[in-house]
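As structure tokens, the structure follows; a few thoughts come after it.
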Amino acid sequence: MFPQFITLEPWEFGILFQGRESIEELAWAQEYSSRKKTFKAQNAGYAACSFIPYRMKNKQGVSVHAGGAFYDHKPVSLQIYVEYGGVCGAVSKGAAGFVKAKGIPSYTIGQPGHCAFVWKGMDGEWKIGNNIYGWIWSEGGSGGPWKGAVSTITELPRFWKGENASSSNLCYYLSLLAADSRKSEVLLEEALKRNPSNYSAWQALMRKKGRLGEKDKLALLEQFKKAFPGNPTLWEYFVKRELGIDWKKANGYAVYPRLLAENESWDSVDAYMRNFCALARQDIPDMAGKLSYEVKTKRSFFKNWLKFYQQNKVDRKVRVQTCAVLEKALPHLLSREKTALQFLGFYGQVIDLWKDKQLSARADACLTAWLKEADKPSLRKKMAEIGLKAADHLGDKKALVRYAEAQNGY
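Here the working numbering is used: the first residue of the sequence shown is 1385, the next is one more, and so on.
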């Protein structure tokens, strides 16, 4: 067994022993992997992927998509995976089986059009094997005692390595026993005071605080983000599943920008953008089947959106709805420079493309208001650039002067 085995918690043993591999398979995997010098405790989840050849067709030319025929209808096992190979599913399931043979808990997860797996590293941290798209695009549940997004499992070791983890956990379990609701809530607050990374305490506390107003809930979200830094996947899950926001009343364009990290990491941008797209599809019904934020096209999202408008006749209703969506989103993005610049860039492009006096007038009003709020020079410059084109289209000389001054930093 690799050293990780000695450190396993009961719930981790549960993952280890719930695998589909037979004792005979695991014994064979032990013997097979012992001959692989690259298969070591610190890189087990990565090295094990190389044991299964990546093949779309078997030696007889049968496609992997043919199912059992690819494996000559033999029962699938670790031995069969090594002999026949396969695509991402075979690689991830096989690799997970090999690390289980060394006493390391592991399980498969889904990513868009791909199968990956999660395994416990020698440092006690949970990692993704056969990974393409990262935690933010992974699905399949946390796999651990804290239920939530897939990335939730990465927070468990961080919690236990933090200060006062045991006393925080004790407060949480005492809260479950408290007969009085107020005492239970106080114990949960104490649990988070001792260690704010106690996710179970957060979940239980939110069930107690369902009566809070939206402002108070959003304040709690900011505390939650500080407790779980660098985990936008978990922030998104918390916002949508735990925080208890009434989405029939809430302004999603104001709420979802809170998923953007201060450094606007790619994961946080992905979390924000896919929720922005869901709102945009609702507010521009005719574009519902054309607005998608996906892993393979996300970096060209605005480019593709503009290209569609350039190449197709767009109803004026869609034009108005598009500008309205951007005008609702942008005021809440002004503190996130990179994202705001992308939105402003697209907004300026559609205003210039359509040259609609009513939309240009709306743009002039919005840009004037946003210039008062924006404090980043790059944003002010971009707003002034768009404003100059809108003012020129409107023939508004005063606006031209105002935007020119803004562009020059006056």
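From the three backbone atoms N, C-alpha and C, an ideal C-beta is built for every residue, glycine too.
All of these numbers come straight from a predicted model, not from anything done at the bench.
- Task: Measure from the alpha carbon of residue 1618 to the alpha carbon of each residue in 1477, 1651, 1601, 1703, then state which is nearest.
- Result: Ranking 1477, 1651, 1601, 1703 by Cα distance to residue 1618 puts 1651 first.
- Would you please state the rounded distance, in angstroms, between the beta carbons of residue 1601 and residue 1569? I believe it to be under 8 Å. Taking the Cβ atoms as the reference, residue 1601 lies roughly 15 Å from residue 1569, outside the contact range of under 8 Å.
- Query: Based on the DSSP secondary-structure assignment, which residues constitute the bridge partners of residue 1495?
  - Reply: DSSP lists 1498 as partners of residue 1495.
- Assigned secondary structure, residue 1668 (DSSP; H/G/I helix, E/B strand, else coil): DSSP places residue 1668 in coil when its eight states are reduced to three.
- Item | CB contact flag (residue 1347, residue 1532, <8 Å) | As shown, the chain starts at 1385 and ends at 1794. That puts residue 1347 outside it, with no answer to give.
- Determine the burial state of residue 1785: buried for a count of at least 16 other Cβ atoms within 10 Å of its Cβ, exposed for fewer. Answer is exposed; the Cβ neighbour count stays below 16.
- Task: Would you list the one or two residues that DSSP bridges to residue 1504?
- Result: Note: residue 1504 sits in a beta bridge opposite 1510.
- Query: Can you tell me whether residue 1711 is buried or exposed, with buried defined as 16 or more other CB within 10 angstroms of its CB?
  - Reply: The residue is buried, with at least 16 neighbouring Cβ atoms inside 10 Å.
- Item | Buried versus exposed call for residue 1560 [16 or more other C-beta atoms within 10 Å across all chains shown] | Classification of residue 1560: exposed, given that the 10 Å Cβ count is below 16.
- Query: Cα separation between residue 1646 and residue 1789?
  - Reply: When rounded, the separation of the alpha-carbon atoms in residue 1646 and residue 1789 is 29 Å.
- Query: Rounded C-beta distance between residue 1482 and residue 1425? I'm assuming under 8 Å.
  - Reply: Between residue 1482 and residue 1425, the beta carbon gap of about 13 Å keeps them out of contact (Cβ cut-off 8 Å).
- Is the CB-CB distance between residue 1535 and residue 1519 below 8 Å? For residue 1535 and residue 1519, yes; Cβs fall inside 8 Å.
- Query: In the DSSP assignment, what are the bridge partners of residue 1438?
  - Reply: Paired residue(s): 1470.
- Exposed or buried, which one is residue 1630 when buried takes at least 16 other CB atoms within 10 Å? Residue 1630 is exposed by the Cβ-count criterion.
- Query: With burial defined as no fewer than 16 other Cβ atoms inside 10 Å of the residue's Cβ, what is the status of residue 1391: buried or exposed?
  - Reply: Under this definition residue 1391 is an exposed residue.
- Task: Give the single residue among 1462, 1526, 1496, 1655 whose Cα lies nearest to the Cα of residue 1480.
- Result: When only C-alpha atoms are compared, the closest one is 1462.
- Item | Start and end residues, alpha helix (DSSP H) containing residue 1555 | Per DSSP, residue 1555 belongs to the alpha helix (DSSP H) from 1549–1561.
- Message: So for residue 1490, helix, strand or coil by DSSP?
- Response: Secondary structure of residue 1490 (DSSP, three-state): strand.
- Task: Determine the direct distance from the alpha carbon of residue 1727 to that of residue 1761, and round the result to whole angstroms.
- Result: Straight-line spacing of the CA atoms in residue 1761 and residue 1727 works out to 16 Å.
- Query: How should residue 1681 be labelled, buried or exposed, when 16 other C-beta atoms within 10 angstroms of its C-beta is the threshold for buried?
  - Reply: The residue is exposed, with fewer than 16 neighbouring Cβ atoms inside 10 Å.
- Message: So, for residue 1588: in the same chain, excluding its five sequence neighbours on each side, which residues have a beta-carbon less than 6 Å away from its beta-carbon?
- Response: Here the set comprises 1572.
- Message: According to DSSP, is residue 1523 part of a helix, a strand, or is it coil?
- Response: DSSP places residue 1523 in strand when its eight states are reduced to three.
- Task: Determine, using beta carbons only, whether residue 1444 comes closer than 8 Å to chain D.
- Result: Among the protein chains of the structure shown there is no chain D, as only one such chain exists.
- Message: Using 8 Å as the cut-off, can you tell me whether the stretch 1771–1782 makes contact with the stretch 1736–1750, which would need three or more C-beta pairs spanning the two stretches below that distance?
- Response: Segments in contact, yes.
- Which class does residue 1676 belong to by DSSP, given the choice of helix, strand or coil? Coil, per DSSP.
- Apart from the five residues just before and just after residue 1473, which ones in its own chain have a Cβ nearer than 6 Å to its Cβ? Excluding residues within five positions, the ones whose Cβ falls inside 6 Å are 1499.
- Query: Between the beta-carbon of residue 1510 and the beta-carbon of residue 1492, is there less than 8 Å?
  - Reply: Taking 8 Å as the Cβ cut-off, residue 1510 and residue 1492 do not qualify as a contacting pair.
- Which same chain residues, not among the five before or five after residue 1688, have their C-beta less than 7 Å away from its C-beta? Excluding residues within five positions, the ones whose Cβ falls inside 7 Å are 1681.
- Contacts around residue 1541, its chain only, beta-carbon distance under 6 Å, and the 5 residues preceding and following it disregarded: Around residue 1541: 1508, 1509.
- Among residues of its own chain, excluding the 5 on either side of residue 1529, which ones have a beta-carbon nearer than 7 Å to its beta-carbon? Only 1395 meet the Cβ criterion.
- Whole-angstrom distance between residue 1503 and residue 1801, CA atom to CA atom: For residue 1801 there is no data in the structure shown, the boundaries of the chain being 1385 and 1794.
- Inter-residue spacing [alpha-carbon to alpha-carbon] between residue 1607 and residue 1514: If you take the alpha carbons of residue 1607 and residue 1514, they lie about 33 Å apart.
- Message: In this structure, how does DSSP classify residue 1447 when only helix, strand and coil are distinguished?
- Response: Three-state result, residue 1447: strand.
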